[in-house]
Each structure stands twice: as C-alpha cells, then as structure tokens.
Amino acid sequence: MPKPVVYTPDMEQISPDEAKTIASIKQAMHYILKTTYKDYGYPVRSVHAKSHAILSGTFQVHENLPEHLAQGIFKHPQTYCAIMRFSTTPGDILDDNVSTPRGCAIKLFDVEGERLPNSDGLVQDFVMVNSPVFKPANLRQFLNGLIPAAATTDKVEGLKIALSAALQTVEKNLQKVGIHSTTLAGLGGQPPTSVMGDNFFSQLPTLYGPYIAKYRLIPVSDALLGKKNQTVDLTGKPNGLREDSIAFFQTHGGMWHFQVQLCVDIDKMPIEQPNVEWGETLSPFVTVATLEVAPQTAWDTQRAQRVDDHMAFSPWHGIAEHRPLGAIMRARQAVYAFSANFRSEHNAKPVQEPRCPFHFDD
Numbered sequence: 388m389p390k391p392v393v394y395t396p397d398m399e400q401i402s403p404d405e406a407k408t409i410a411s412i413k414q415a416m417h418y419i420l421k422t423t424y425k426d427y428g429y430p431v432r433s434v435h436a437k438s439h440a441i442l443s444g445t446f447q448v449h450e451n452l453p454e455h456l457a458q459g460i461f462k463h464p465q466t467y468c469a470i471m472r473f474s475t476t477p478g479d480i481l482d483d484n485v486s487t488p489r490g491c492a493i494k495l496f497d498v499e500g501e502r503l504p505n506s507d508g509l510v511q512d513f514v515m516v517n518s519p520v521f522k523p524a525n526l527r528q529f530l531n532g533l534i535p536a537a538a539t540t541d542k543v544e545g546l547k548i549a550l551s552a553a554l555q556t557v558e559k560n561l562q563k564v565g566i567h568s569t570t571l572a573g574l575g576g577q578p579p580t581s582v583m584g585d586n587f588f589s590q591l592p593t594l595y596g597p598y599i600a601k602y603r604l605i606p607v608s609d610a611l612l613g614k615k616n617q618t619v620d621l622t623g624k625p626n627g628l629r630e631d632s633i634a635f636f637q638t639h640g641g642m643w644h645f646q647v648q649l650c651v652d653i654d655k656m657p658i659e660q661p662n663v664e665w666g667e668t669l670s671p672f673v674t675v676a677t678l679e680v681a682p683q684t685a686w687d688t689q690r691a692q693r694v695d696d697h698m699a700f701s702p703w704h705g706i707a708e709h710r711p712l713g714a715i716m717r718a719r720q721a722v723y724a725f726s727a728n729f730r731s732e733h734n735a736k737p738v739q740e741p742r743c744p745f746h747f748d749d
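Just so you know, the sequence shown maps onto residues 388 to 749 in the working numbering.
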C-alpha cells in the first residue's frame, strides 16, 4: 500500500456561504425538534430518533499495529468499555415499514488524550451508517434534501409506508442486477433486513494522528453473519426491527471488527468531496480493534431512557488526534450540539457524558 498522506490545513476549504448554510441546517433541524417534541411530549433526536438496539460491550485495540495504524486511541493495545446504539435515520419515530437507512453509534469510555473543543468527559464517539458514501456533494445539497424531510416530519405516515413498499420493490429489482441505490434507500427503499447483519461506515474522514482516515464496522461472529441480508417480517410490526434485535441478543452475543481506511492519495480520496467513495483497491480497510458484546437485553425502557433520552453521540466527542474533517463534519459540530442542547433544555435530566463504569440503571 502507498504511504498514507500527512494532513495539512490547506486540504480543507471553507466556502464563503458555509456559516449561512449551517445556520439554515440548524433552522431545519430546530423545526424537526419542535415538531416531534410537540407530538411526543418529550424531546428526541433531530436525526436517528428511533433506536433498535442499545448494547454494552468491550472495544479491544489490537496488539502490534504498525506505526501508521498505531495512532490516537489505537496507539497501545487496551480494552475500552463501549456502548452501541443502532438506529434508523429519520428525526421522527416511524413505523419500521417505512424502511430507511440504519445507523450505529459507538461511545468508548475512559479515553485519555487532548480533547476536541467542547468535548466533555473521557469519551470517544464513532458515528456510522450502513452505506459507504455520503450522497450530497456539499452542504448546500444536504440542506436542499433536508428541507423536504423537515417539512414532512410527522406527516402522512401511511403514505410513507406505501411509498417505502414501492421503493423497496424497485431496490430489490436493482439488486438482482448488482445495483444498490443509496438514493432509494434514503427515500424509504432500504431493504427490510435485520440491522444486525449490516456493515457500517463513517462515510466522512477524521484525523488519524497525523494522517486521514475513514472507518468501517463489520460483523464477524457466525451468529451476526447469519443475520446478513436476512429479511425481517414487518407485517403488522411497527417495531419489528427492534423486536428482531431483542430476540437475537437474548441468546447470542456478537463480535465486530473495527477497521480503518487511510487516505493515500488526496486527489482520489478527498476531504471536501463527501460523495466520492475512497477506493478499497487503492487503500483497503484494515482491522485495528474488535468490538464484542455478550447476550443481553438489547432494548427496554430503562436503556432507552438512559441512552436515547440522556446521552448524545457526535464525531466531535473525542480526542484531537481524531478531529473530524470537512464541511459536513464542521456542520455536524454545530448541529449535533444544538440538538443535544434542545433535548437537555426539555428533558427532566440533561444530556451529558456518562462515566465509567457505566450502568443502565444509574
């Protein structure tokens, strides 16, 4: 593999209208937050509002990593306590028959190192979705897609279910000829498969010590691999994905590999073009850690209150050696903090970073 690119500040460019666009994104997110708060009587996230599994486990950094991989939290072999939250992307809590892309957020505890700005607590977060590419080419395109999503928050769920079913049929036919459409998935055409079998991707880059990296999480235990592309019957089951997760983890644990893809060519693996996929032939993903969970209750009201209501996940929660890069990540810094503050202001208990050892009944 070619040598990894060393980051320099000129690899990031701030457009003249970036601050204005981020302010507009916050405005759209605020509308989603206010709308769902009015509907549910309690605040939920402006994105990834619905959780399907909340798990505790361990994140073990591997031994004998070469210098270019032994960076940041991966410098030394050690084991961190971890929380995983599996979700779907909308900011309203929809029937699972509206089948949208999935997310997986990871929070590690007792992470030492220089903190990112406004990052409280000794944590490191990784925020991922089940597609390798962030579709909008820039912040303006992201805003243009967010506006109709905000406008239809809490509207015509029956129509969304019907549209989702139609789009799933189109997506299934595309997959028969080897095509997967992230656009259709985002509109409700995500195949209704188990969340537990998915691969998850950071999509966007961060620093990796002096280098630049993206991340991937892949299932490796036999039981999880058995869930890959496994269709979940959602007929009459508005929470069918959650029920599938609960049933699975009652009797099974799970193991995932956490992988890193280093930038080796800044032109072919850019920072400020989020819709450009970094080629694996140029720079393959390499495993640097293993995430493992034991059989447990994957979701209940107590876990949801502890994590969904009183915890926030953000790529800006962490150490400076893994600082997020690019315009979309800069927008996330402002928007995720805004969402967490809204939930804090309207919750009985504030959103705050947990401490280790972590217990769901704290």
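Think of the CB as a built atom: it goes at the ideal place given N, C-alpha and C, for glycine as much as any other residue.
Just so it is clear, the structure is predicted and the values come from calculations on it, not from any experiment.
Using alpha carbons as the reference points, say which of the options lies closest to residue i.
i    : options                   : result
Y394 : P592, T475 and S506       : P592
A524 : G640, E659 and S474       : E659
Q683 : G532, F635, A676 and K421 : F635
E708 : H417, D512 and H697       : D512
D696 : Q414, L604, S438 and Q648 : S438
S608 : M642, T487, D652 and Q646 : M642
Q689 : S701, I441 and T618       : I441
C468 : E405, L530 and A681       : A681
L452 : A724, N734 and V673       : V673
K407 : G490, L530 and E454       : L530
S402 : N728, R717 and S589       : R717
G713 : M656, E399 and G532       : E399
G490 : T475, H733, I653 and F446 : T475
A676 : A436, P579, F645 and W686 : F645
W703 : L533, V514, K655 and L604 : V514
I493 : L678, K601 and T487       : L678
K413 : A721, A727 and F473       : A721
G640 : A410, P464 and S443       : S443
D654 : I599, I706 and P606       : I599
P396 : Q692, G584 and P597       : P597
P657 : T638, K601 and I706       : K601
L604 : E450, F473 and G532       : F473
L533 : M698, A410, S518 and P464 : A410
D585 : M388, P519, D426 and Q528 : P519
D404 : E454, T487, Q528 and A436 : Q528
K390 : D652, Q692 and A691       : D652
M388 : T668, Y424 and N734       : T668
Please report the Cβ distance between residue i and residue j, rounded to the nearest whole angstrom; I am assuming they are in contact, meaning their Cβ atoms lie under 8 Å.
i    : j    : result
C650 : V392 : 5 Å
V694 : I470 : 7 Å
V647 : Y595 : 7 Å
V582 : S632 : 6 Å
E740 : G508 : 3 Å
F725 : M416 : 7 Å
Q577 : F521 : Rounded, the Cβ-Cβ distance is 16 Å, inconsistent with contact.
I715 : L456 : The Cβ separation is near 25 Å, so there is no contact.
K588 : V510 : Rather than Lys, the amino acid found at residue 588 in this sequence is Phe. Not confirmed; about 21 Å, so no contact.
P579 : V619 : 6 Å
T466 : T445 : 5 Å
R629 : W686 : 5 Å
R710 : L503 : 6 Å
P464 : E450 : 4 Å
Taking residue i as part of the alpha helix (DSSP H), name the residues at either end of that continuous run.
i    : result
S438 : Run containing S438: none in the alpha helix (DSSP H); it sits in the beta strand (DSSP E), K437 to V448.
H463 : No alpha helix (DSSP H) contains H463, which DSSP labels as neither H nor E.
I715 : A714 to H733
Could you spell out where the beta strand (DSSP E) holding residue i opens and where it closes?
i    : result
G508 : Looking at the DSSP string, G508 is not in any beta strand (DSSP E), and its letter there is neither H nor E.
F496 : R489 to F496
G641 : G641 to L649
Review point. Does the region 448-468 come within contact of the region 493-511, defined as at least 3 CB pairs closer than 8 Å?
Key: yes
Review point. Is it true that the region 608-628 meets the region 663-678, where meeting means three or more beta-carbon pairs spaced less than 8 Å apart?
Key: no
Practice item. Please go through the region 582-630 and give each complete beta strand (DSSP E) segment of 3 or more residues, from N-terminal end onward. Key: 593-595 and 598-606
Practice item. List in chain order: all unbroken beta strand (DSSP E) runs of 3+ residues lying wholly within the region 659-686. Key: 673-680
Check your understanding: Touching or not, the region 617-629 and the region 480-497, by the rule of three or more beta carbon pairs under 8 Å?
Key -> yes
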